[in-house]
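**Q** Handing you a structure now.
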Amino acid sequence: TEQKTWSQRFESALHPAIAIFNASIGFDIELIEYDLTGSVAHAKMLAHTGIISTEEGEKLVAGLEQIRQEYRDGKFQPGIDAEDVHFAVEKRLTEITGDVGKKLHTARSRNDQVGTDTRLYLRHQIEQIRSQLRDLQGVILTIAQDNVETLIPGYTHLQRAQPLSLAHHFLAYFEMLDRDWQRLGEIYQRVNISPLGCGALAGTTFPIDRHYSAKLLNFTGVYSNSLDGVSDRDFAIEFSCAASLIMVHLSRLSEEIILWASQEFNFVTLKDSCATGSSIMPQKKNPDVPELVRGKTGRVFGHLQGMLVLMKGLPLAYNKDLQEDKEAIFDSVKTVKGCLEAITILLAQGLEFRPQRLAEAVAEDFSNATDVADYLASKGVPFREAYNLVGKVVKTSLAAGKLLKDLTIQEWKDLHPAFEADIYDAIAPRQVVAARNSYGGTGFEQVRLALKAAQERILVN
Ligand code: ARG
2 TEQKTWSQRF
12 ESALHPAIAI
22 FNASIGFDIE
32 LIEYDLTGSV
42 AHAKMLAHTG
52 IISTEEGEKL
62 VAGLEQIRQE
72 YRDGKFQPGI
82 DAEDVHFAVE
92 KRLTEITGDV
102 GKKLHTARSR
112 NDQVGTDTRL
122 YLRHQIEQIR
132 SQLRDLQGVI
142 LTIAQDNVET
152 LIPGYTHLQR
162 AQPLSLAHHF
172 LAYFEMLDRD
182 WQRLGEIYQR
192 VNISPLGCGA
202 LAGTTFPIDR
212 HYSAKLLNFT
222 GVYSNSLDGV
232 SDRDFAIEFS
242 CAASLIMVHL
252 SRLSEEIILW
262 ASQEFNFVTL
272 KDSCATGSSI
282 MPQKKNPDVP
292 ELVRGKTGRV
302 FGHLQGMLVL
312 MKGLPLAYNK
322 DLQEDKEAIF
332 DSVKTVKGCL
342 EAITILLAQG
352 LEFRPQRLAE
362 AVAEDFSNAT
372 DVADYLASKG
382 VPFREAYNLV
392 GKVVKTSLAA
402 GKLLKDLTIQ
412 EWKDLHPAFE
422 ADIYDAIAPR
432 QVVAARNSYG
442 GTGFEQVRLA
452 LKAAQERILV
462 N
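This is how it looks when you write it as structure tokens:
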């Protein structure tokens, strides 16, 4: 095999299998654009502080930009011998610029370098994921806008509880995704700090200017302890946690869509563009998209757990274990982005609600029972007493195969003299929903206000 950058100190070559085991180039090539950007800033800082000459600085920057172009053109494809993306770039730079290229690594270690790359990468990905969250929120608002007065059964324990405005149901997901968006914004602040210049672990003997390179890279500050800067991955774990929470939210929504599309619920039809068939059962139309989102949630949770365990026993400072953070981060990013895209398409054009069936569903059960109790309570009957009374009516109605709306006015009055003819209005599904006009509730008036507030919220960046 080829000579390693560090081979002067060694007697003999690395075992080929160990070289492969050790190498990260197979996956950390994902960092190349960020690695080049970080190196450009480092080279400029070296020239700015006089550690290298202006001319040398310019040569390094030009060489690094040439590598960027070669990579984009598919002409720079480092093999396994390169060990990792950092060595691959330095080697190519030295081929291009000659001895000047060998000066790039002055006052730097791969440890602060990889820390810089990872933060630049995550910063960029967080921006993209936040914008995808906003897209999905926008689609959710369109569904909500069209369905303020569409009713859907609301559940607790997956038992019919109280009917809801379908818009209210979707606005719940809007809120969850909004917190995901905020959370990523907060994490961004902690990702956006520069470890460049921390060196291998202890800083450097050269008169570097860490604030200068940080500024070039648009970091808002620098790590103030060199050991900490190169050895913690808490920012990546925070990202993993935020990614996991996004997946929790997408997975719950997916689970509901899967239920709604079942014949037992039959609340939605999946459009052909977002569903698949079976190889044996000709009648099948399967909700593969939400199932895959629900399934992929597991790997994102796994990466969070993996990173926590990866970190917990590491003595300061850098340890090669840290190389294992990359595939976890990359896969979480790729999975979350893929799921956000698929769910956004599914909601935008793959779901057809079945209004007729939804209207039947909210009228075929006892989800208006609370409203009967509320009716009596509003006439002065203590709530618990009213609740007990209605519990009995539900029992006898169930036995008689009747719904509450089927009781005659005489039956209501026999139950309690406070009942009047307006009880029928009070227990009609539409009124049951409309009446829950408390702040944050499902009443149409509240939902319209919430919708408007939500629309305004996503206009702000
Ligand atoms: N490929 C390494 C990683 O991903 C780069 C840093 C290597 N540093 C070292 N001292 N071996 O962590």
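The UniProt record's numbering puts the first residue of the sequence shown at 2, with every later residue one more than the last. Where is the CB? At the ideal position from N, CA and C, for every residue including glycine.
Could you tell me if the beta carbon of K321 falls within a distance shorter than 7 angstroms of some heavy atom in ligand 1?
**A** As a first step, residue 321 is located in the sequence shown; it is residue number 320 there, counting from the start. For ligand 1, at least one heavy atom lies less than 7 angstroms from the Cβ of K321.
**Q** Is V294 near A343, with beta carbons less than 8 angstroms apart?
**A** Looking up residue 294 in the sequence shown gives position 293. Looking up residue 343 in the sequence shown gives position 342. Yes.
**Q** Would you call the segment 196–211 in contact with the segment 276–293, where contact means no fewer than 3 C-beta pairs closer than 8 angstroms?
**A** no
**Q** Could you round the C-beta distance between L218 and T38 to whole angstroms and report it? I think they count as a contact, below 8 angstroms.
**A** By 1-based counting over the sequence shown, the position of residue 218 is 217. By 1-based counting over the sequence shown, the position of residue 38 is 37. With a beta-carbon spacing of about 7 angstroms, L218 and T38 fall inside the 8 angstroms limit used to define contacts.
**Q** Out of A364, G116 and A168, state which residue places its alpha-carbon closest to the alpha-carbon of L450.
**A** The count along the sequence shown starts at 1 and reaches residue 450 at position 449. It is A168 whose Cα lies nearest to the Cα of L450.
**Q** Alpha carbon to alpha carbon, how far is V448 from E365?
**A** Within the sequence shown, numbered from 1, the residue matching residue 448 stands at position 447. Within the sequence shown, numbered from 1, the residue matching residue 365 stands at position 364. So the two alpha carbons sit approximately 24 angstroms from each other.
**Q** Do T221 and L359 have their C-beta atoms within less than 8 angstroms of each other?
**A** Within the sequence shown, residue 221 is the residue found at index 220, counting from 1. Within the sequence shown, residue 359 is the residue found at index 358, counting from 1. Contact: no.
**Q** Am I right that D118 and Y224 are in contact with their C-beta atoms under 8 angstroms? What's the rounded C-beta distance?
**A** Against the sequence shown, residue 118 aligns to sequence position 117. Against the sequence shown, residue 224 aligns to sequence position 223. Going by Cβ atoms, the distance from D118 to Y224 rounds to 15 angstroms, so no, they are not a contact pair.
**Q** Measuring CA to CA, which of N389, K338, E353 and K380 is closest to D136?
**A** On the sequence shown, residue 136 is found 135 positions in, with the first residue counted as 1. Among N389, K338, E353 and K380, the Cα nearest to that of D136 belongs to K338.
**Q** I need the boundaries of the beta strand (DSSP E) containing P164, first residue and last residue.
**A** Your numbering for residue 164 matches position 163 in the sequence shown. That run of the beta strand (DSSP E) goes Q160 to S166.
**Q** What are the partner residues of F354, as DSSP defines its beta bridges?
**A** If you number the sequence shown from 1, residue 354 lands on position 353. Paired residue(s): V269.
**Q** Comparing the CB of H87 with every heavy atom of ligand 1, is any distance shorter than 7 angstroms?
**A** Translated into positions along the sequence shown, residue 87 becomes position 86. Yes, the Cβ of H87 comes within 7 angstroms of a heavy atom of ligand 1.
**Q** Going by DSSP, what residues sit across from S280 in a beta bridge?
**A** Within the sequence shown, numbered from 1, the residue matching residue 280 stands at position 279. Looking at the DSSP assignment, S280 forms no beta bridge with any residue, so it has no partner.
**Q** When DSSP builds the beta bridges, which residues end up paired with L152?
**A** Indexing the sequence shown from 1 puts residue 152 at position 151. S166, per the DSSP bridge assignment.
**Q** Apart from the five residues on each side of it in sequence, which residues of its chain come closer than 7 angstroms, Cβ to Cβ, to T2?
**A** As a position in the sequence shown, residue 2 is number 1, starting the count at 1. Caution is warranted here: a pLDDT of 49 is assigned to T2, below 50, making its placement in the model unreliable, and no coordinate value can be reported.
**Q** Taking 8 angstroms as the limit between beta carbons, can you name the residues of its chain near Q67, skipping five residues before and five after?
**A** One-based indexing of the sequence shown puts residue 67 at position 66. Within the same chain, Q67 has close Cβ partners I97.
**Q** Would you say H43 and L197 are within 8 angstroms of each other, going by their C-beta atoms?
**A** On the sequence shown, residue 43 is found 42 positions in, with the first residue counted as 1. On the sequence shown, residue 197 is found 196 positions in, with the first residue counted as 1. A contact, by the Cβ cut-off of 8 angstroms.
**Q** Considering only DSSP beta bridges, list what N287 is partnered with.
**A** Numbered from its first residue, the sequence shown carries residue 287 at position 286. T277, per the DSSP bridge assignment.
**Q** Ligand 1 heavy atoms versus the CB of Q324: any closer than 7 angstroms?
**A** Looking up residue 324 in the sequence shown gives position 323. Q324 Cβ: within cutoff of ligand 1.
**Q** Which full runs of the beta strand (DSSP E) of 3+ residues lie inside the segment 287–368, going along the chain?
**A** 352–354
**Q** Determine the burial state of P316: buried for a count of at least 16 other Cβ atoms within 10 Å of its Cβ, exposed for fewer.
**A** Position 315 of the sequence shown, counted from the first residue, corresponds to residue 316. Exposed is the call here.
**Q** Buried or exposed, going by whether 16 or more other CB atoms sit within 10 Å of the CB of Y122?
**A** Here the question's residue 122 lines up with position 121 in the sequence shown. The residue in question, Y122, is buried, as its Cβ has 16 or more Cβ neighbours within 10 Å.
**Q** Rounded to the nearest angstrom, what separates D372 and A262 at their Cα positions?
**A** The residue you call residue 372 lines up with position 371 of the sequence shown. The residue you call residue 262 lines up with position 261 of the sequence shown. D372 and A262 have their alpha carbons spaced roughly 29 angstroms apart.
**Q** Give every residue of the same chain whose Cβ lies closer than 6 angstroms to the Cβ of L460, excluding the five residues on either side of it in the sequence, and list them in chain order.
**A** As a first step, residue 460 is located in the sequence shown; it is residue number 459 there, counting from the start. Excluding residues within five positions, none has a Cβ falling inside 6 angstroms.
**Q** Could you check what DSSP says for residue 1 in three-state terms: helix, strand or coil?
**A** Look at the range of the chain in this structure, 2 to 462, and you will see that residue 1 is not part of it.
**Q** Quick one: complete alpha helix (DSSP H) runs, 4+ long, within the segment 55–121?
**A** Look at the segment 55–121 and you find these whole runs of alpha helix (DSSP H), each 4 residues long or longer: 55–73 and 86–98.
**Q** Out of T443, K45, A455 and A454, which has the shortest C-alpha to C-alpha gap to H170?
**A** By one-based count along the sequence shown, residue 170 stands at place 169. For the residues T443, K45, A455 and A454, the minimum Cα distance to H170 belongs to T443.
**Q** If H250 sits next to M177, beta carbons under 8 angstroms apart, how far is it from one beta carbon to the other, in whole angstroms?
**A** For the purposes of this step, residue 250 is identified with residue 249 of the sequence shown, where counting begins at 1. For the purposes of this step, residue 177 is identified with residue 176 of the sequence shown, where counting begins at 1. Yes, they are in contact, since the Cβ atoms of H250 and M177 sit about 4 angstroms apart, within 8 angstroms.
**Q** Of the choices G80, Q350 and A237, whose alpha-carbon is the least far from that of Q306?
**A** Here residue 306 refers to the residue found at position 305 when the sequence shown is read from its first residue. The shortest C-alpha to C-alpha distance from Q306 to any of G80, Q350 and A237 is the one to A237.
**Q** How close, in whole Å, do the beta carbons of V231 and G116 come, if the pair is a contact with beta carbons under 8 angstroms?
**A** Counting from 1 along the sequence shown, the entry for residue 231 is found at position 230. Counting from 1 along the sequence shown, the entry for residue 116 is found at position 115. About 6 angstroms separates the beta carbon of V231 from that of G116, a gap short enough to meet the 8 angstroms contact definition.
**Q** Spatial neighbours of E353 within its chain, please: C-beta separation below 8 angstroms, excluding the five flanking residues on both sides.
**A** Position 352 of the sequence shown, counted from the first residue, corresponds to residue 353. V269, T270, L271 and K272, listed in sequence order.
**Q** Considering only heavy atoms of ligand 2, does any lie closer than 7 angstroms to the CB of D29?
**A** As far as ligands go, the structure on display features ligand 1 and does not contain ligand 2.
**Q** Residues in its own chain within less than 6 angstroms of I330 by CB, not counting five upstream and five downstream?
**A** The residue you call residue 330 lines up with position 329 of the sequence shown. Closer than 6 angstroms at Cβ, skipping near neighbours: A237.
**Q** For R425 and K406, which I take to be in contact (beta-carbon distance under 8 angstroms), what is that distance rounded to the nearest angstrom?
**A** Within the sequence shown, residue 425 is the residue found at index 424, counting from 1. Within the sequence shown, residue 406 is the residue found at index 405, counting from 1. For clarity, residue 425 is Tyr in the given sequence; the question names Arg instead. Indeed, because the Cβ distance is near 7 angstroms, the residues count as touching under 8 angstroms.
**Q** Determine contact between the segment 412–427 and the segment 142–158, defined as no fewer than three beta-carbon pairs at a distance below 8 angstroms.
**A** no
**Q** What ranges does the beta strand (DSSP E) occupy inside the segment 376–406, keeping only unbroken runs of at least 3 residues that lie completely in it?
**A** none
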